[in-house]
Amino acid sequence: MSLIGGLLVLAAAAPFVLFYGARWYYEPTLPSVASLRDLKMQVPLRVYTRDGKLIGEFGAERRAPLAYTDIPPHLIDAFLAAEDDRFFEHPGVDWQGLARATLKLVTTGEKSQGGSTITMQLARNVFLSSERSYERKIREILLALRIEREMTKQEILETYLNKIFLGQRAYGVGAASRVYFAREPADLTWAQTALLAGLPKAPSRDNPVIAPERAQSRRDYVLRRLRSLNKISELDFQAALAEPVVVKLATPQVETDAHFVAEMVRSEVVARYGDLAYTSGYRATATVLSTRQEAANSALRSSLLAYDERHGWRGAEARLPPDLMTESGEKRDAIEELLSQRPLVAGLRAAAVVSFRPERLTVLLQGLRLVEIASEDFKWARLTGAKALKPGDIVRVRSVEDRWRLAQIPEVQGALASMNPHTGAIEAVVGGYDFLLNKYNRATQARRQPGSGFKPFLFAAAFEKGFTPASVLLDAPIVYRDSEIEGAWRPENYDGDFKGPMRLREALVYSRNLVTIRLLQEVGLDTARDYISRFGLAKDRIPRDLSMALGTGSFSPMEMASAYAVLANGGYRVTPYLLESIAEPSGKVVFQAQPATVCNDCKDEPEAASAAAVPPEPEALQQPRHAPRVVDARVAWLVDDILREVVVRGTGAQARKLGRADIAGKTGTTNDETDAWFSGFNRDLVSVVWVGFDQPAPLGKGEVGGRAALPMWMDFMRAALADTPETAWPRPPGLVDVRIDRTNGTLAAGGDPDAIIEVVQDDHVPGSGDKSGYGEEVPLEELF
37 MSLIGGLLVL AAAAPFVLFY GARWYYEPTL PSVASLRDLK MQVPLRVYTR
87 DGKLIGEFGA ERRAPLAYTD IPPHLIDAFL AAEDDRFFEH PGVDWQGLAR
137 ATLKLVTTGE KSQGGSTITM QLARNVFLSS ERSYERKIRE ILLALRIERE
187 MTKQEILETY LNKIFLGQRA YGVGAASRVY FAREPADLTW AQTALLAGLP
237 KAPSRDNPVI APERAQSRRD YVLRRLRSLN KISELDFQAA LAEPVVVKLA
287 TPQVETDAHF VAEMVRSEVV ARYGDLAYTS GYRATATVLS TRQEAANSAL
337 RSSLLAYDER HGWRGAEARL PPDLMTESGE KRDAIEELLS QRPLVAGLRA
387 AAVVSFRPER LTVLLQGLRL VEIASEDFKW ARLTGAKALK PGDIVRVRSV
437 EDRWRLAQIP EVQGALASMN PHTGAIEAVV GGYDFLLNKY NRATQARRQP
487 GSGFKPFLFA AAFEKGFTPA SVLLDAPIVY RDSEIEGAWR PENYDGDFKG
537 PMRLREALVY SRNLVTIRLL QEVGLDTARD YISRFGLAKD RIPRDLSMAL
587 GTGSFSPMEM ASAYAVLANG GYRVTPYLLE SIAEPSGKVV FQAQPATVCN
637 DCKDEPEAAS AAAVPPEPEA LQQPRHAPRV VDARVAWLVD DILREVVVRG
687 TGAQARKLGR ADIAGKTGTT NDETDAWFSG FNRDLVSVVW VGFDQPAPLG
737 KGEVGGRAAL PMWMDFMRAA LADTPETAWP RPPGLVDVRI DRTNGTLAAG
787 GDPDAIIEVV QDDHVPGSGD KSGYGEEVPL EELF
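Take the sequence shown: its letters are residues 37 to 820, numbered as in our numbering.
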């Protein structure tokens, strides 16, 4: 063999020698391809309502993995055209393309496309670093060949299309199609498909959100590649080229506004699984129903807006710069930009005042839309004198049916907590006017004085001790002196008057403070605190003084709802819970709540642990447990019976407008109308609402529970119970009907025409040891 022939043989053999040498050297250090099969996509945590509505998504990456059979063929064609049109022909490395790229690099010093296949990209993205070196390229090639030996082409392509980063935190074609176009991949047009296929090369530089022209250029390149490969018809090709780049950038498609709920669920899932909660694709289901949650949102916002309108206009939110007050298109674009910086707040949209007359207000909305507001929809603001609006003022407006109404973001806040009294399942929770404005959850985190809303628990303690609804105490002035301080405590009724001797039924119906204080004195402070803690209200937050009778302890709306649930269900203690279940992406349920539930026909059990303590694996779960009885059934029924009268003829009589005979409840108002409450229920739903300022301050004269809070409760319950039949209030054994004298609560004489029927415990019939008493001036220190 000639020298030249030998050199040619050596030259021909050199690539093979180098390849197998590199393979022998690097392959033992390559990662296992088996891990690629089990590759865990970082799928975010998604939270749903009980009826399947998405309410939250949490995680750094947006993913929506697809099976290969669910990926539309035209999308596969587009990615292959853009990245690797010989994918189904090469063994993982396109030697022809690699040779062309190498030759161009050697001869011109320039890099060209064609050297990196989809399999090589997958190997690089999953296993290798982003450094640029010949060693990394060798490892990439060897790993691609190994992947091709151990995985099918379909498996490789499925993994790639689910893993590839496409900008806007979207990983994979499923997520990207939703993020950019709010569509499923199968619904994408050719132009949209080509745009996505053009992103892997430079997802930031070619992003259609920030660089639409570059995105269109890259899209058109992909379309031309598709046409050259005959994957698209000429007609479709021309139509796709003509289609403008329109991005409908989507945040997670939340179907129900339940941000407070979603955050509560997120917190619990993270407490269980740590940071894996954000990447494992868990599907967490909350106990709330979307319809009731939406009703809660609407009720709270309407109530706070109504309060806000009652207390007048505070002025424009801001003003446009003077140089923008023109009608030119250029200036309007600047106005549009300024309005867009003021986000939508619970349906309240920012608008710029264009003109104002006493009979009409014209404003410019974001989107450069002019709307007119009639005087009836801004007369509440009394826009006269210094309060008159001027062109350039930035205000808020809201849509009411088919018209617009002037509004302002309320300063007052509120909360609503609703639960099933038989299971503890939370049916709705709203922690404030708008979660995105202020994430503080007042339904669970705010501890406020419940005022008279606390009284039913004290009356329950009294009935347990032997008092009855017929027992009489004195509604008259009372003074308590304290030798350690100057002066004395002189509590009063809200209206400042006195009724004299009063039966306990009437005292609770009309929320008489002085009778309630005397009742606490009769029951005893320690006895009352011990008994009331049975309702789940923390004993250490129940004051050990007579002010306890007026609700000076501090509890959250959710705690109050849990306490009222004991009355609603006949005396059983249930624990509120929000997390119904957690499932893996495969559908396997890894947690299922098993709360202690009410069972009236079951033998009472010791107090059970909360639902949060249930083992996470379904197969390890215990049988359903029974909620413990904590209050005598007769006592619960008597308090319920009186609270039903509260909403018929007492402080909550406005609730009669609901037209239901199965509801009960109690108003609550604290000193100076600082807090307004209504706590109410029927046999199947307990709801508690609160209205007040985050920094305690008077709500204003007359803003009591029946005015500031009850309308919110009514709006919610009207919607929540709309399709629910009235439920009966079964009367437990051990209660009897007796004829009593309405003035003193004793058994009525025969033939007394003014006698009334009262229900009492059969072992505490009036005249047989019934407790009655009249208060007088007592030194405070004698009460301990």
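Yeah, the Cβ is synthetic: ideal placement off N, Cα and C, and Gly gets one too.
Would residue i and residue j be called neighbours here (beta carbons separated by less than 9 Å)?
i: I793; j: D773; result: yes
i: I578; j: S592; result: no
i: G351; j: R434; result: no
i: V559; j: L494; result: yes
i: L679; j: L603; result: yes
i: V281; j: A233; result: no
i: L116; j: E194; result: no
i: G317; j: R99; result: yes
i: N549; j: H458; result: no
i: F471; j: K426; result: no
i: I91; j: A307; result: no
i: L452; j: L262; result: no
i: P446; j: Y530; result: no
i: R484; j: T706; result: yes
i: V727; j: S339; result: yes
Suppose the cutoff is 7 Å on Cβ atoms and the five residues either side in sequence are ignored; what does the same chain contact list for residue i look like?
i: T763; result: D698, N718, R719, D720
i: A159; result: E176, L179, A180, I183
i: K89; result: E291, T292, S326
i: G803; result: T782, L783
i: T153; result: D120, F123, H126, G128, V129, D130, A180
i: A222; result: P108
i: P394; result: S411
i: W60; result: Only weak support exists for where W60 lies, its pLDDT of 44 falling under 50; the value from the coordinates is given anyway. Once the five neighbours on either side are set aside, W60 has no close Cβ partner at all.
i: L442; result: L397, I409, D413, F414, A417, V431, V433
I'd like the list of long-range same chain contacts for residue i, defined as Cβ closer than 8 Å, with 5 residues on each side in sequence excluded.
i: R439; result: I409, A410, D413
i: D676; result: L603, A604, A700, W765
i: G95; result: Q78, V79, P80, L81, Y314, T315
i: R684; result: A small fix is needed here, since residue 684 is Val in this sequence, not Arg. The residues are R692.
Please work out which residues of its chain come closer than 6 Å, Cβ to Cβ, to residue i, disregarding the five sequence neighbours upstream and downstream, and give them in chain order.
i: F571; result: F493, A599, V602
i: D730; result: Q449
i: A230; result: A114, R255, V258, L259
i: R319; result: R82, A619
i: Y216; result: V283
i: A755; result: A331
i: A354; result: I430
Roughly how many angstroms lie between the CA atoms of residue i and residue j, to the nearest whole one?
i: P357; j: I430; result: 11 Å
i: D120; j: G208; result: 17 Å
i: I371; j: I246; result: 21 Å
i: Q377; j: V283; result: 20 Å
i: E620; j: I200; result: 22 Å
i: R554; j: A629; result: 44 Å
i: L556; j: D566; result: 13 Å
i: R692; j: E299; result: 35 Å
i: S715; j: A211; result: 44 Å
i: R708; j: Y516; result: A small correction: the amino acid at residue 708 is Asp; Arg does not occupy that position in the sequence shown. Going from the Cα of D708 to the Cα of Y516 covers about 21 Å.
i: Y528; j: S547; result: Sequence check: residue 528 is Glu here, not Tyr. So the two alpha carbons sit approximately 11 Å from each other.
i: P789; j: M538; result: 19 Å
Taking 9 Å as the CB-CB limit, is residue i close to chain D?
i: Y469; result: You won't find chain D in this structure, because it holds only one protein chain.
| task | Report yes or no: do three or more beta-carbon pairs, one from the stretch 496-503 and one from the stretch 722-736, lie closer than 8 Å? | result | The answer is no - the stretch 722-736 does not touch the stretch 496-503, with fewer than three Cβ pairs under 8 Å.
| beta strand (DSSP E) runs contained entirely in the stretch 571-643, provided each spans 3 or more residues | Listed in chain order, the complete beta strand (DSSP E) runs (minimum 3 residues) inside the stretch 571-643 are 615-619, 625-628.
| In chain order, each beta strand (DSSP E) run of at least 3 residues that lies wholly inside the stretch 706-745 | Secondary structure in the stretch 706-745: the beta strand (DSSP E) runs of 3 residues or longer, each lying completely within the stretch, are 711-717, 722-728 in chain order.
| request: Check whether the stretch 733-753 touches the stretch 311-324, taking contact to mean three or more Cβ pairs, one atom from each stretch, closer than 8 Å. | output: No, the stretch 733-753 is not in contact with the stretch 311-324.
| request: Return the chain-ordered ranges of every alpha helix (DSSP H) run that is complete within the stretch 147-233 and spans a minimum of 4 residues. | output: Counting whole runs of 4 or more residues, the stretch 147-233 contains the alpha helix (DSSP H) stretches 154-163, 170-186, 189-199, 209-217, 226-233.
| message | For the structure I just gave you, are there three or more beta carbon pairs, one from the stretch 460-472 and one from the stretch 610-618, closer than 8 Å? | response | These segments touch.
| request: Flag this pair as touching only if the stretch 246-258 and the stretch 273-282 have three or more C-beta atom pairs under 8 Å; answer yes or no. | output: Yes, the stretch 246-258 touches the stretch 273-282.
| query | Given 8 Å as the limit, is there contact between the stretch 341-356 and the stretch 107-118, that is, 3 or more CB pairs closer than that? | reply | With a cut-off of 8 Å, the stretch 107-118 and the stretch 341-356 do not count as touching, because too few Cβ pairs lie within range.
| query | Should the stretch 263-273 be regarded as contacting the stretch 237-244, the criterion being three or more beta carbon pairs within less than 8 Å? | reply | Output reads no: the stretch 237-244 does not touch the stretch 263-273.
| query | Touch check for the stretch 764-771 and the stretch 661-670: three-plus C-beta pairs under 8 Å? | reply | Touching, yes, given that three or more Cβ pairs across the two stretches are closer than 8 Å.
| field | alpha helix (DSSP H) segments (min. 4 residues) lying fully within the stretch 235-284 | value | You should have 248-264, 270-278.
| request: Could you pull out every unbroken beta strand (DSSP E) segment of at least 3 residues lying fully inside the stretch 353-438, listed in chain order? | output: Whole beta strand (DSSP E) segments, 3+ residues: 385-393, 396-401, 405-410, 429-436.
| Cβ contact check for the stretch 479-492 and the stretch 574-589: 3 or more pairs under 8 Å | With a cut-off of 8 Å, the stretch 574-589 and the stretch 479-492 count as touching, because enough Cβ pairs lie within range.
| query | Taking only runs of the alpha helix (DSSP H) that begin and end inside the stretch 423-510, which ones reach a length of at least 4 residues, in chain order? | reply | You should have 491-501.
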